[in-house]
C-alpha cells in the first residue's frame, strides 16, 4: 500500500512538472510565432483533468478517480480537496495533507470586545477605587494630594491663600504593576502627618464588560502598617463592582471589610513617630484624641461613586463612603464624600475636587477631617477642602 502511494505521488509530481514545463514552452513558442506550433493539435488542460489555480505559479489541481488533488511542484506535497471545495474548483482554506494523520483544526476566534463600555481614566474616582484592569506588565504611578487644614468655603476670606492650596498638604503616592491583564500588585505610602502608613496590595479582575460580562468585578486584599509598616497593622478585603451606562458613564460600589482599622489621627509633627494603638485598649488617651475614639475596630464600609463624561476626555465625578459598622468607634459620625472634575489624556489623568476625607489608605479612607483636627464639626459641608489626584501609566 505504501509503495502504491509513493508511486502515485511520483506520477502526480512528474505530471505536474511536465504540464508546467509544457505550458511554459508553448507560451514561449507562441510568442515567437512558430509556425510548427500552430500546426500541432491543441490539447486543453481539461482534457487531461488538470485545472490551474489563480495567482499561483507552483500549484495545479489534478483530477484522478473522481477525486481532485492539489499538487505543489515546489514542496512536492499532494493534498486532497474536500468535496465542497472541489465543486467550486478551488482549494480549501485548510486542506488535508496526504501525509497528515489527522485533519487540521479550525482556529476559534477570541471573544469580541464590546465597544459600548465606559473606560475609567484613573485608578480612583476620587478616593473610591475604580477597579480598572491594568495592561499586562503595565507600570502605573499614582499621586494624591489633600489640603484638610483649611476649609475652602468657610472662615475668613480665602482668596489670598487660593482656597487653602497655600496651606499644608497631605500627599500620598502609590505604584501599581500588572503581573498579567487580570492580576496586579500595588504598594503605596501616606506621609508622617497621618501615621506614615505603607500599604501592600494584590488585586484580581475576574469580570470585564468588554468581554461580554454584565459588569466589571475585582477583588483586592491589602495590609497596611503605620510607622513604615512597623506597627498598628490593618487587613482589608474589597470587592469592586462597576457597571457602565453606555460609554459615557459608570456606577461603582465597593463593599470593604477592614480588620483592626485605626482612627485617622493627625501627628503633632512630621518627625514624631505614630503613637501605639493597641486593640485591647478601650479608648485613646485624651492627649491623643479628645473626642473619645477607640484605638482599633473592625469596620465595614460601602464606597459608592459615579463618573459621567461631559466631553470625550472630561468627566464629572462624585462619591460617598459611609461606614456602616463601628464607624463611631473610630470617630466617624458623617460619611466621607467628594465631588470634582477629571481630565483624561492618553495615559494621564488629573482629578480636581472637594472632599472632607483626607486619607486614601483603604482602612482610613472612610475617616474624615473631624478626627484629624480633633474637631467633631470639622467634617460638615462647611469643612470641605481642596484635593487632587494624578495618575500616569509609565509603560
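Residue numbers (the working numbering): 5 to 399.
Cβ atoms here follow ideal geometry from the backbone N, Cα and C, with glycine treated the same way.
- The three-state secondary structure of residue 62, taken from DSSP, is coil.
- By alpha-carbon distance to residue 361, the top candidate from 322, 348, 215 is 322.
- Comparing alpha-carbon positions, the option among 248, 249, 241, 229 lying closest to residue 267 turns out to be 229.
- Within 10 angstroms of the beta-carbon of residue 150 lie 16 or more other beta-carbons, which makes it buried.
- In this model, residue 155 and residue 287 are separated by some 28 Å (Cα to Cα).
- The C-beta distance from residue 370 to residue 305 rounds to 5 Å, short enough to fall under 8 Å.
- Put simply, the backbone Cα of residue 380 is about 5 Å away from that of residue 374.
- In the structure shown, the three-state DSSP call for residue 229 is strand.
- Ranked by Cα distance from residue 260, the first of 210, 319, 366 is 366.
- Put simply, the backbone Cα of residue 49 is about 17 Å away from that of residue 76.
- Nearest C-alpha to residue 250 among 70, 122, 348: 122.
- Assigned with DSSP and collapsed to three states, residue 215 falls in helix.
- Between residue 191 and residue 204, the CB-CB gap stays under 8 Å.
- Taking C-beta separations shorter than 7 Å and ignoring five residues to either side along the sequence, the partners of residue 349 in its chain run 317, following chain order.
- Shown here for residue 148: same chain residues with a beta carbon closer than 6 Å to its own, the five before and five after excluded, namely 176, 364, 393 in chain order.
- Fewer than three pairs of CB atoms, one per stretch, sit closer than 8 Å, so the segment 218-229 makes no contact with the segment 376-390.
- No residue range can be given for residue 165, since it is assigned to no beta strand (DSSP E) and is classified by DSSP as neither H nor E.
- By the Cβ test, the segment 238-252 is in contact with the segment 120-135, since at least three Cβ pairs between them sit closer than 8 Å.
- If you ignore the 5 residues before and after residue 143, its C-beta comes within less than 6 Å of the C-beta of 181, 398, 399, all in its own chain and listed in chain order.
- A Cβ-Cβ separation of about 6 Å places residue 85 in contact with residue 74 under the 8 Å criterion.
- Here residue 338 is not near residue 280, since their CB atoms are 8 Å or more apart.
- DSSP places residue 260 in the uninterrupted beta strand (DSSP E) bounded by 253-265.
- By the neighbour-count definition (other C-beta atoms within 10 Å, threshold 16), residue 61 is an exposed residue.
- Non-local C-beta neighbours of residue 329 in its own chain, meaning closer than 7 Å and more than five positions away in sequence, comprise 303, 304, ordered along the chain.
- For residue 334, no alpha helix (DSSP H) segment is defined, and its DSSP state is neither H nor E.
- About 22 Å separates the Cβ atoms of residue 237 and residue 244, ruling out a contact at the 8 Å cut-off.
- The beta carbon of residue 277 sits closer than 7 Å to the beta carbons of 231 from its chain, once the five residues preceding and following it are set aside; these are given in chain order.
- Apart from the 5 residues on each side of it in sequence, residue 344 sits with its Cβ closer than 7 Å to the Cβ of 130, 321, 355, 356, 357, 358 in its chain, given in chain order.
- Annotation for residue 375: the continuous alpha helix (DSSP H) segment containing it runs 373-376.
- DSSP places residue 197 in the helix class (H, G or I) of the three-state scheme.
- Considering only 336, 352, 391, the residue with the shortest C-alpha distance to residue 368 is 336.
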